[in-house]
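Taking it in order: structure first as structure tokens, then the write-up.
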Amino acid sequence: MASTVDIDFPVDGILPKKETGAASFLVKYPDFDGRNVLIAILDTGVDPGAPGLQKTTTGDAKIVDLIDATGSGDVETTTVVEVKEGRVTGLTGRTLMIPEEWNIDGGKVHLGVKIVYELYPRILRDRICKERREKTWDPLTREAIAQATKALEEFDAAHTNPNQEEKQERENLQAEVDILTDMDKKYSDCGPVYDCVVFNDGETWRACIDTSEQGDLASCTVLASYREERQYATLSNEDKLNYSFNIYNDGNVLEIVTNAGSHGTHVACITAGHFPDNPERNGVAPGAQIIGVKIGDSRLGSMETGTALVRAMIKVQEYGCDLINYSYGEASHWSNSGRVIDILSEIVNKHRVIFVSSAGNNGPALSTMGTPGGTVPALIGVGAHVTPPMMAAEYSLREKLPAMHYTWSSRGPCHDGALGVDISAPGGAIASVPNWTLKNCQLMNGTSMSSPNACGCIALVLSGLKARDVSYNPYSVKRALQNTAKPVEGVEVFAMGYGLVQVEKAYDYLCEYEGVAECKTQFTVSCSGFGSGIYIREPIDLEKPSIVAVTIDPVHYEGITDNEEKINFCLQLSLTCDASFVQCPSHLELMNCTRSVSIKVDPRGLPEGVHFTEVCGYDIRCVERGPVFRIPVTVIVPVRVTDTSDYVMKYDNMSFKPGQIRRHFIHVPEGANVAVLRVQSTDLEKSCRMLLHAVQVLPQFQYKKLEFEKFVNLADKGETNQAFPVVENRTLEVCVAKWWANLGEVTLNYSVTFHGARTSSNPVIVHAGDSVCRFDLRSYLKTEDVSPSVSLKTLSVPLRPIDNKIRCLAGTRDTLPEGRQIYSLELTYKFSVSKTVEVTPDLSVLSDLLYECEYESQIWMLFDSNKQLLGSGDAYPHQYNVKLDKGDYTVLFQIRHDKKSTLERVKSAVLLMNYKLSSPLTFDLYGTWQGALSGGKKINSLSLKRMDLISVFTAVIPDDKVPLAKTATPGSYLSGTLTLLKEEPAKKASAIPFKYVITEAGKKASKSANGKDKDKGENSEEKSKSMEEKFMEAQRDLKISWLSKLDIGHTLYRELKAEFEDHIPLYIARLNAIDSEKDREKCIPEIIETARLVLSKIDQQSVLAYFGMKSDNSAEAASIKTKKEEKKVEIMTSLLKLGLAQADVLLNGWSVEGVTAGELDTTVTELAKWVEPTDSKVLLLSIKHAMVHQQYGRALKLTLKEWDDKPSKDAGIKVLELYEKLGWDHCHHYFSNWLLVKFPPAYRPF
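What follows is the structure in structure tokens.
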């Protein structure tokens, strides 16, 4: 037994509150615990059943409303039916029993249908699929297989020498075994499909989903919109997924609110969780209320969308929320611009909502801020900090480490010069998660956790300010947080911002400086040539001083600043900067207008590395309240590569402690395009976990454009080599960091080597119409071993929309403040697939643009010809691939904006349909023009000396080698990569884009059956006919073609029969006409008679003998083959019509003389001489033949083949009937759900 047991668990580190002063603030002000503060949690959704999210400290409901702003939970309920005798037929086809106590106003209900798995997060779907298989499928299927196998074995034992009839019976038993075995192998659960019912009880709209799957609505839960009664229900005891409703548009839209993941619940609990019996697990502001807004779209794996964010802002404004927490974000190409950014900023600047957001998890390199948290000035961006109590309680580290920032926390500055991170907070917590996870709580970390911690801290401050009636606004709160934050020694400003949030200090600051001149004012700083700050990074900008014109514009808060205050606004400011390389004016008088100052930044003489300072403006009347505005200045000085032989930068004996980061800024040599980072451990005893991160910044490109990131585990004396592309003459940051929780010190040697083999153009684009194309290859730095090769992996086909519609979106959830109605442009694209392929739709004009896009949102959904949704995607197309089988498909694309004229500009937008090739296509390269033209010697590996130039030539891909040639259209192109360097890892990093533009394929000459060109002659029989005879035959054939169009009683058939008694096509046409008659039963005798007549007029044996020949070398071989093929078709058609008629007589009990099961067997046997019974042409007869003999296993096997070949609702219904006849209820239930999934009543709404 251990000598000592520490029973004092470090509970302070579970959900940290001490570091920010939140815990001490609540001790001092217990009533300022967030009460009277409403927080919007914009995330994956909040589970109302999760621990700690039921009540506030005052007993009020914790969750005021739950909303799915994405549309992924929407059910279209526009089908209105009248309740008759207490029941209706749901859209699934089930009979729904309507309880009397519903008191339906008007006696009518709205109906919809929902596939339950569409509501599930992926993790839950995987768990339920596994459990449902184990509970409801495997036991029953195993039993059914055992019974079928036993029956087959018993049959074999009893029939050692079976006759034909017994062979069919055995085939039937074998089919049952095969079907069950095959189904078990291919089992794929589509989940339950629920009917949805919406009705008005005279007071409000209510809804119910048929979780019984049997129409027993009395056993199901009826709910109103959550905001009205704050009630929720659980889908099932197995999934534990809680859901609630919102009902819109007079009952025509039912919004089912669930979670897209566990993230949002965890975030909500950090912010405001309340555990009265376990207060150490409380969130930061346990007295606050929340609204949970799901902005993570379940169709997209919980990705946020512009639609969801705009709808969220509408709800935030509607509820008058005090705070928003947003633990989401993406990289953007530019800062503080775009449709969504404008709407997010508007909620702050016009509606007094404080918006707190995560900075991002993309560090440790600089300039990796996420949008919107780090790039939008209206928001408060939060970095992630980890402290010793957290390390002990959350991570169970065996050693104590100093407080630090997480390695991955994003760093500033932003590309526009803004600092990015405003404040920091603890970035990890063990907090509640949704019930469907089957967990009480879970550890999560990220700026996703630091943001709600900071948000809770601000809620405490606001709670106190409201209680004491102290005025505030987003501007004054953000300034107070920045000016009172606590810096942490050893943590850089780019990660930390101005420090850890300090609750009491921020509260005191706002109380003390409530009425100061700038309390209602935001100071918009704009630096010419930069943005919100000064950011000098590239070598060309370091050669001389920069004179930057800076404007400071006082923006008074709308609605709370009157004109008198604007007139009287005047600040006398002292401008200070503590860096010698920056010169600025000493003073500035600022009134209610824009003022400009000139700032000089002289980077000459600064040592290598990053240099940060600020120009701060202090009110000379009260310097102690801190800067009223700040102008961040960042200068990065890279080192030049002095080794002009190997172009290597070496860093030896570099020691690393946990969390330590070493940054190296390198001026990428002119001509370089690849860097190789080699890292070696010198440690003899222990391994280490390192994060390698490299970033270059390009104008109007997100940092991910030129980012390399790799976690590596280095064993003792281990080594890793990593390569990545670079851009010449720009600064490269190479960041080597030891993972924050990786204990112990380690010493590394590492180097960065540059390579410079480049093409004359990038990307390389080759047009097939140019036949032979040329590009040049040169090595700019040193001798390089090159091996140019092209690999084409994708076919891109441009599609024009076949339809476009601009719709005004109905309802309050799509109406912005001031009545600005949102419109949607819905584009329809059609395409076909000739074989199984993986596709990626890409509306390239809007690709990779979300927050910064001019449009509010873009989302696509891909459907098959039956309207089944197969896949969805958004602004980032390459994240979403859909595998398709042969068939026809539709893509619906939605773009939103509140101005119709803006939508008009993209109503003809081209959609690129990218087809992934089944295998990469190698594109040949040649060293000479002649070689490319004649298919001569291909270019191979060679050594390219410095500044040597070689020419590379391309040839045309032959038409028969173009992949997916039937799919390609003019304007289509093949794309892939051209790799230059020979050796890995540099080879992969040297790859550049390569495109091959396809031209229209050459047309092949039409060939006849004997291989000769058509229309070049006729056979001897045709030649011998006169024009009069040909005319008479054409007239006869025209009349025959009209038989199917005229009434079957018309005299034309009798007239033709009398004149052309031996002309077989006449009888075939008659067969087709009467077989298609509506009242087919009356035509059955004639069908049988006519089919037998045709068969009697054909010498079947001679036709069989012909097809038994190996070859026919006669001069008339082609014409003979054509005639024999015609006779074969006539025989098959007649036998098929005859067999179907006989089968229908026997199955339907019709009275037709001479039709017996034996005759049907004879017909089927004869037909089998000509075609396989499983051939699609005769599959229906084979199925009916099996049904006549009650061989349901054989019938089902054939029907399933029909279903696999071409799924149809009719075939699906036949399958269900056969499952029922076989008594396989579990298969019937399984397949009936799939039938509902595959054949929905309408396209899924956006």
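So the sequence shown is numbered by this note's numbering: it starts at 445 and just counts up by one.
By construction, the Cβ of each residue, glycine as well, lies at the ideal position given by its N, Cα and C atoms.
Keep in mind it's a predicted model, so treat the numbers as computed, not measured.
> In chain order, which continuous runs of the beta strand (DSSP E) of length 3 or greater are located wholly inside the segment 973-1037?
Replying inline: 978-980, 990-1000, 1014-1020, 1031-1035
>> Based on DSSP bridge pairs, tell me the residues matched to Met1098.
In response: Leu1192
> Apart from the five residues on each side of it in sequence, which residues of its chain come closer than 6 Å, Cβ to Cβ, to Val1599?
Replying inline: Gln1586, Val1589
>> Quick check: Tyr1295 and Pro918, are their CB atoms within less than 7 Å of each other?
In response: no
> Counting pairs of beta carbons, one from the segment 567-577 and one from the segment 1564-1583, are three or more of them closer than 8 Å?
Replying inline: no
>> Among the candidates Lys1665, Val1081, Ala1559, Arg1039, whose CA atom is the shortest distance from the CA of Glu1052?
In response: Val1081
>> If I measure Cβ to Cβ from Lys1460 and keep anything under 6 Å in the same chain, skipping five residues before and after, which residues do I get?
In response: With a pLDDT of only 44 at Lys1460, under the threshold of 50, the placement of this residue in the model should not be trusted; the figure read from the coordinates follows. Cβ neighbours of Lys1460 beyond the five flanking positions: none.
>> Can you look up Leu841 in the DSSP assignment and give me helix, strand or coil?
In response: coil
> Just how far apart, CA to CA, sit Ser1125 and Val1178?
Replying inline: 17 Å
>> My parser needs the beta strand (DSSP E) runs of 3 or more residues fully inside the segment 689-742; what are they?
In response: 697-701, 733-738
> Under the rule that 16 or more other beta-carbon atoms within 10 Å means buried, what is Lys462, buried or exposed?
Replying inline: exposed
>> For the segment 1340-1351 against the segment 1246-1257, do three or more pairs of beta-carbon atoms, one drawn from each stretch, fall closer than 8 Å, so that the two count as touching?
In response: yes
> If we count the other Cβ atoms within 10 Å of its Cβ and call it buried at 16 or more, is Gln1146 buried or exposed?
Replying inline: buried
>> Please state whether the Cβ-Cβ distance between Leu904 and Val947 is less than 7 Å.
In response: yes
> Is Tyr1001 closer than 7 Å to Arg413 when the C-beta atoms are compared?
Replying inline: Because the chain spans 445 through 1690 in this model, residue 413 falls outside it and cannot be assessed.
> Taking just the CA atoms, how far does Arg725 sit from Ala836?
Replying inline: 16 Å
> To the nearest angstrom, how far is it from the Cα of Thr1495 to the Cα of Asp1543?
Replying inline: 29 Å
> Between which two residues does the alpha helix (DSSP H) carrying Glu598 extend?
Replying inline: 582-602
> Between Asn1012 and Arg1065, what straight-line distance do the alpha-carbon atoms span, to the nearest angstrom?
Replying inline: 16 Å
> For Val1596 versus Pro1529, is the C-beta spacing smaller than 7 Å?
Replying inline: yes
> Is Thr831 helix, strand or coil when you go by DSSP?
Replying inline: coil
>> Taking the alpha helix (DSSP H) that Tyr1636 belongs to, which residues open and close that run?
In response: 1636-1649
> Can Val405 and Trp1373 be called in contact, C-beta distance under 7 Å?
Replying inline: Absent from the structure is residue 405, since the part of the chain shown begins at 445 and ends at 1690.
> What is the DSSP secondary structure of Tyr942, reduced to helix, strand or coil?
Replying inline: coil
> On the three-pair Cβ rule with 8 Å, is the segment 1298-1314 touching the segment 1632-1648?
Replying inline: no
> Hey, quick one: how far does the beta strand (DSSP E) through Ser1042 stretch, first residue to last?
Replying inline: 1039-1045
>> Beta-carbon within less than 7 Å of Gly1455's beta-carbon, same chain only, minus the 5 sequence neighbours each way: which residues are those?
In response: At Gly1455, the pLDDT of 44 sits below 50, so the modelled position is not reliable and the matter cannot be decided from this model.
>> With three or more C-beta pairs closer than 8 Å as the rule, is the segment 961-981 touching the segment 1072-1089?
In response: yes
>> Report the start-end ranges of each beta strand (DSSP E) in the segment 861-887 that is 3 residues or longer and not cut off at the edges.
In response: 867-870, 872-876
>> Three Cβ pairs or more, each shorter than 8 Å: is that satisfied between the segment 930-948 and the segment 749-758?
In response: no
> Cα-Cα, which of Pro460, Glu529, Cys713 is closest to Ile485?
Replying inline: Cys713
>> Rounded to whole angstroms, what is the Cα-Cα separation between Gly659 and Phe1675?
In response: 18 Å
> At which residue ranges does the segment 1593-1627 contain complete alpha helix (DSSP H) runs of 4 or more residues, listed in the order of the chain?
Replying inline: 1601-1612
>> I'd like the span of the beta strand (DSSP E) that includes Val1538, first residue to last.
In response: Careful: Val1538 lies outside any beta strand (DSSP E), inside the alpha helix (DSSP H) at 1524-1540.
>> With H, G and I counted as helix, E and B as strand and the rest as coil, what does DSSP make of Gln612?
In response: helix
> Quick one: is the Cβ of Thr464 within less than 6 Å of any heavy atom of the ligand ATP?
Replying inline: Looking for the ligand ATP in the displayed structure turns up nothing, as the structure carries no ligands at all.
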